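Engineer: Take this structure first; my questions come after.
Residue numbers (our numbering): 1031 to 1511.
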């Protein structure tokens, strides 16, 4: 399929504009000479039907949660209720300008405040900010809170290390490094959990804290979580919990009760907002009592039946978002929580864990399962040894031919040829069974007809691409001929 520049003809238009209300020369006089175009922009010249058909064809080439099963590990690609989309489109929400004065946005501030209260309850922590725009943004904000906390205590010069399990999310080391910390990797033990002896050896007065993904990216819950957080706290450090995998224990356990000092939510994962392709997202951050003074400003407070923005936080790290967060994502998350209630939220985690274990028990008969334990919301298989010359990438590409989005591949790094699978709670058993049948058939093909996998996909809009070249030498615009 070509680009839209290959359609149409010179002079063809898809719309018409009203005449100018002022002479063109007068309008141009307001624009400095150096900012004026020397020639008209190079735009497609197409009719409206050509325009609509082109982008409709492109949309049909996309794959999303609304078109099929999307078992992308650690991404929680669950189905998104359409009611929440309708609520976010209400003019009272979607038409708000972020610079309106407080007295004109009391309803919006009420939404933000109410969600804050629910999230603090879910996390079991007393402070929160809704500003971070995504999970990694929440991580960076958390690291800046660590930094300000130790700076305020006069310990920042010596506490420069962040401990990071090798099963943690990939953005964690980047966030810690951007905040100025040095990352020290902690290996996993043979159970797929943090090696306590290695952790104890790494702790000292130079450690600012630890960043934990709970459950970890193997889908395994840290059984020693209370001992881990106690050890770090006794060494004077803080504990950061990456909340990307909250779907595994939503409504059943609270990070604050486990010893977390900072915990980020991924509203776009756990609380139903469509995401992918860079957004939209929201990564609210909950904190323990010692870190509350350092939270970003402004804080949303309730004074009687009114809401206000509190800027009087002298120890705050400042703003981390131009406004108050990704508001429409927040609207959807609040709707999700109100719709499900306490019992419904517990059912979310129960369904997610049940679905993951169902798939794990069936697929481990065909694929290698490096850590054969009760998993939470996801699990990790290995594509190694499935067939001569077959790699995990081949399995993933072949899944496309069977109508499924591939799982996360080659992560976590501690599993060779990793396939990280997260089914979520929103898929019926029939879909899970169909996915298993496709995976089992691919395993047979790997042995009997390996070329089918190596040349896959066969039925997709495009065949296998040179992905490394696409990253290194991207073509981001149509070459003008």
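Cβ atoms here follow ideal geometry from the backbone N, Cα and C, with glycine treated the same way. None of the values given here were measured: they were computed from a predicted structure.
At which residue ranges does the segment 1465–1508 contain complete beta strand (DSSP E) runs of 3 or more residues, listed in the order of the chain?
Structural biologist: none
Engineer: Would you list the residues sitting across from residue 1330 in a DSSP beta bridge?
Structural biologist: To locate residue 1330, count along the chain shown from 1; it is residue 300. 1339, per the DSSP bridge assignment.
Engineer: When the Cα atoms are used, what is the spatial distance from residue 1216 to residue 1490?
Structural biologist: In the chain shown, counting from the first residue as 1, residue 1216 sits at position 186. In the chain shown, counting from the first residue as 1, residue 1490 sits at position 460. Whole-angstrom Cα-Cα distance: 41 Å.
Engineer: Helix, strand or coil for residue 1100? Go by DSSP, reduced to three states.
Structural biologist: Numbered from its first residue, the chain shown carries residue 1100 at position 70. Residue 1100 falls in the coil class under three-state DSSP.
Engineer: According to DSSP, what are the bridge partners of residue 1241?
Structural biologist: For this step, residue 1241 is matched to residue 211 along the chain shown. Residue pairing of residue 1241 in beta bridges, as defined by DSSP: 1270.
Engineer: Looking at residue 1271: is its Cβ nearer than 7 Å to the Cβ of residue 1251?
Structural biologist: Here residue 1271 refers to the residue found at position 241 when the chain shown is read from its first residue. Here residue 1251 refers to the residue found at position 221 when the chain shown is read from its first residue. No, they are not a contact pair.
Engineer: Would you decide whether residue 1345 is buried or exposed? Buried here means 16 or more other CB atoms lie within 10 Å of its CB.
Structural biologist: Position 315 of the chain shown, counting from 1, holds the residue named residue 1345. The residue is exposed, with fewer than 16 neighbouring Cβ atoms inside 10 Å.
Engineer: Cβ of residue 1181 within 7 Å of Cβ of residue 1205?
Structural biologist: Position 151 of the chain shown, counted from the start, is the residue given in the question as residue 1181. Position 175 of the chain shown, counted from the start, is the residue given in the question as residue 1205. No, Cβ-Cβ distance for residue 1181 and residue 1205 is not below 7 Å.
Engineer: So what does DSSP say about residue 1040, is it helix, strand or coil?
Structural biologist: Within the chain shown, numbered from 1, the residue matching residue 1040 stands at position 10. It is coil, neither helix nor strand.
Engineer: Nearest-angstrom Cα distance between residue 1256 and residue 1386?
Structural biologist: By one-based count along the chain shown, residue 1256 stands at place 226. By one-based count along the chain shown, residue 1386 stands at place 356. C-alpha separation (whole angstroms): 25 Å.
Engineer: Under the rule that 16 or more other beta-carbon atoms within 10 Å means buried, what is residue 1033, buried or exposed?
Structural biologist: Against the chain shown, residue 1033 aligns to sequence position 3. The residue in question, residue 1033, is exposed, as its Cβ has fewer than 16 Cβ neighbours within 10 Å.
Engineer: Among 1277, 1232, 1132 and 1129, which residue has its Cα nearest to the Cα of residue 1258?
Structural biologist: Position 228 of the chain shown, counted from the start, is the residue given in the question as residue 1258. The candidate whose alpha carbon is nearest that of residue 1258 is 1232.
Engineer: Residue 1117 bridges to which residues according to DSSP?
Structural biologist: Locating residue 1117 in the chain shown gives position 87, counting from the first residue. In DSSP, residue 1117 forms no bridge with anything.
Engineer: Would you call residue 1178 buried or exposed, if buried means 16 or more other Cβ atoms sit within 10 Å of its Cβ?
Structural biologist: As a first step, residue 1178 must be located in the chain shown, where it is residue number 148. By the neighbour-count rule (16 or more Cβ atoms within 10 Å), residue 1178 is buried.
Engineer: How is residue 1223 classed by DSSP in three states: helix, strand or coil?
Structural biologist: In the chain shown, counting from the first residue as 1, residue 1223 sits at position 193. In the structure shown, residue 1223 sits in coil (DSSP, three-state: anything other than H, G, I, E or B).
Engineer: Could you check where the beta strand (DSSP E) with residue 1192 kicks off and where it finishes?
Structural biologist: Counting from one through the chain shown, the residue named residue 1192 turns up at place 162. Note, residue 1192: beta strand (DSSP E), 1191–1195.
Engineer: So, with DSSP's three-state summary, where would you put residue 1212?
Structural biologist: Mapped onto the chain shown, residue 1212 falls at position 182. Of the three classes helix, strand and coil, the one that applies to residue 1212 here is strand, per DSSP.
Engineer: Which residues mark the beginning and the end of the beta strand (DSSP E) in which residue 1409 is found?
Structural biologist: Within the chain shown, numbered from 1, the residue matching residue 1409 stands at position 379. Here the beta strand (DSSP E) through residue 1409 covers 1409–1412.
Engineer: Rounding to the nearest angstrom, what Cα-Cα distance links residue 1138 and residue 1127 in this structure?
Structural biologist: What you label residue 1138 is simply residue 108 of the chain shown in a count that begins at 1. What you label residue 1127 is simply residue 97 of the chain shown in a count that begins at 1. Going by the C-alpha atoms only, they are around 11 Å apart.
Engineer: What's the gap between the Cα of residue 1497 and the Cα of residue 1503?
Structural biologist: On the chain shown, position 467 is the one that residue 1497 refers to. On the chain shown, position 473 is the one that residue 1503 refers to. So the two alpha carbons sit approximately 10 Å from each other.
Engineer: Taking Cβ positions, are residue 1351 and residue 1163 nearer each other than 7 Å?
Structural biologist: For the purposes of this step, residue 1351 is taken as residue 321 along the chain shown, with counting starting at 1. For the purposes of this step, residue 1163 is taken as residue 133 along the chain shown, with counting starting at 1. For residue 1351 and residue 1163, yes; Cβs fall inside 7 Å.
Engineer: On the three-state DSSP scale, how would you describe residue 1289?
Structural biologist: As a working note, residue 1289 is residue 259 in the chain shown. Three-state DSSP puts residue 1289 in coil, outside helix and strand.
Engineer: Please go through the same chain and pick out, in chain order, the residues whose beta-carbon is closer than 8 Å to the beta-carbon of residue 1265, but skip the five residues on each side of it.
Structural biologist: Within the chain shown, numbered from 1, the residue matching residue 1265 stands at position 235. Taken in chain order, the residues that qualify are 1233, 1234, 1235 and 1237.
Engineer: Of the residues 1183, 1327, 1335 and 1320, which one's Cα is nearest the Cα of residue 1353?
Structural biologist: As a first step, residue 1353 must be located in the chain shown, where it is residue number 323. Of the listed residues, the one whose Cα sits closest to residue 1353 is 1327.
Engineer: Since I believe residue 1317 is in contact with residue 1340 (beta carbons under 8 Å), could you give me their beta-carbon distance rounded to a whole number of angstroms?
Structural biologist: Taking the chain shown and counting its residues from 1, the one referred to as residue 1340 is at position 310. Taking the chain shown and counting its residues from 1, the one referred to as residue 1317 is at position 287. Incorrect: roughly 16 Å between the Cβ atoms, too far for contact.
Engineer: How many angstroms separate the CA atom of residue 1314 from the CA atom of residue 1188?
Structural biologist: By one-based count along the chain shown, residue 1314 stands at place 284. By one-based count along the chain shown, residue 1188 stands at place 158. Going by the C-alpha atoms only, they are around 29 Å apart.
Engineer: Please report the Cβ distance between residue 1435 and residue 1102, rounded to the nearest whole angstrom; I am assuming they are in contact, meaning their Cβ atoms lie under 8 Å.
Structural biologist: Residue 1435 sits at position 405 when you count from the first residue of the chain shown. Residue 1102 sits at position 72 when you count from the first residue of the chain shown. Rounded, the Cβ-Cβ distance is 7 Å, consistent with contact.
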